[in-house]
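Taking the working numbering, the leading residue of the sequence shown gets 33, the next gets one more, and so forth. All C-beta atoms in this analysis are idealised placements derived from N, C-alpha and C, irrespective of residue type, glycine included. Since the model is a prediction, treat every value here as computed from it, not as a measurement. Right, one structure below, let's go through it.
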Amino acid sequence: MRKWGAKKRRPCSACGKPTKLVKPTGIDNGLCSYCNKSNYQIRHVNMLRDNNRLLENENALIRRQIDELLLELSANRAG
Ligand SMILES: [Zn+2]
């Protein structure tokens, strides 16, 4: 039977590869360094997407205000 050594190596919870203990202590989410990296990238992409969504909402708000102004203008012209 093989000994695991002092530090426990658990398989990555995402891909099943044995996790390398290269990550700093304190970070223990059960992911290998590769999945940790891709996890970080996904989070980064999600963050960018959220920012974009906020911008879109802002644009929609501004567009609505412009529409209202245009409506007002055309109503004034008609009246
Ligand atoms: Zn992994």
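Is residue i near ligand 1, with its Cβ less than 6 Å from a heavy atom?
{"i": "Lys49", "result": "yes"}
{"i": "Tyr66", "result": "yes"}
{"i": "Ala46", "result": "yes"}
Please work out which residues of its chain come closer than 6 Å, Cβ to Cβ, to residue i, disregarding the five sequence neighbours upstream and downstream, and give them in chain order.
{"i": "Glu104", "result": "none"}
{"i": "Ser70", "result": "none"}
Please state whether the Cβ-Cβ distance between residue i and residue j is less than 7 Å.
{"i": "Cys67", "j": "Ala46", "result": "yes"}
Whose C-beta lies closer than 8 Å to the C-beta of residue i among residues of the same chain, with five residues either side of it excluded?
{"i": "Pro50", "result": "Arg41, Arg42, Pro43, Cys44, Cys64"}
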